[in-house]
Amino acid sequence: MSSPIGGFYLNAQYRKQADQFELDNKLKLELTIKLELDGKCLIEAAKSSLSDSALLLDNEQVTITLTPSVISETLIQIHSEIIIKQFDPIKTLQQQLTIESGEQLSTLVEGEPHLQLTLGGVIP
Numbered sequence: 471m472s473s474p475i476g477g478f479y480l481n482a483q484y485r486k487q488a489d490q491f492e493l494d495n496k497l498k499l500e501l502t503i504k505l506e507l508d509g510k511c512l513i514e515a516a517k518s519s520l521s522d523s524a525l526l527l528d529n530e531q532v533t534i535t536l537t538p539s540v541i542s543e544t545l546i547q548i549h550s551e552i553i554i555k556q557f558d559p560i561k562t563l564q565q566q567l568t569i570e571s572g573e574q575l576s577t578l579v580e581g582e583p584h585l586q587l588t589l590g591g592v593i594p
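Per my numbering, the very first residue in the sequence shown carries number 471; after that it's consecutive.
Have a look at this one:
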């Protein structure tokens with residue numbers, strides 16, 4: 471006779487294997503970001519990330535969540551959520567860019583003339 475606890479154990483094992491399979495099949499990306507307010511750098515970083523996984527960058531002035539997705543062999547779509555902490559009230563903005571692997575692109579965030587976002591990405 472089998473134990474009912476065994477079913478929970480097997481279910482947890484299968485879930486763990488499925489999660490590991492999903493992680494193994496996500497593409498690793500190299501991302502670069504720079505955010506400037508009136509020409510002053512608020513944050514600049516180069517980080518590794520997995521496709522379809524959020525990457526959090528945070529400092530005293532800004533919090534940025536980047537979610538990159540690989541949409542073809544050479545194109546990366548990056549959704550950015552930007553929280554500017556030094557504004558009163560705190561301002562939350564979003565920007566979505568599609569870039570070619572190896573390319574850097576600069577844009578105004580939501581058309582805000584004082585806020586410039588530069589993103590780059592490489593699919594190794």
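C-beta: ideal position from N, C-alpha, C; glycine also.
Close beta carbons around P594, own chain, < 6 Å, minus the five adjacent residues each side: none
For I560, the nearest candidate out of Q531, I546, P538, G591 (CA to CA): Q531
Straight-line Cα distance separating L545 from Y484: 33 Å
Beta-carbon separation (whole angstroms), G581 vs L501, contact threshold 8 Å: 23 Å between Cβ atoms; not a contact.
Assigned exposure category for P583 - 16 Cβ within 10 Å defines buried: exposed
Extent of the continuous beta strand (DSSP E) to which K504 belongs: 498 to 507
Local Cβ density within 10 Å of S576, reported as buried at 16 or more and exposed below that: exposed
Same chain only: Cβ atoms within 6 Å of L564, ignoring 5 sequence neighbours per side: The displayed chain sequence assigns Gln, not Leu, to residue 564. Taken in chain order, the residues that qualify are E551.
CA-to-CA distance, Q487 to E506, given in whole angstroms: 42 Å
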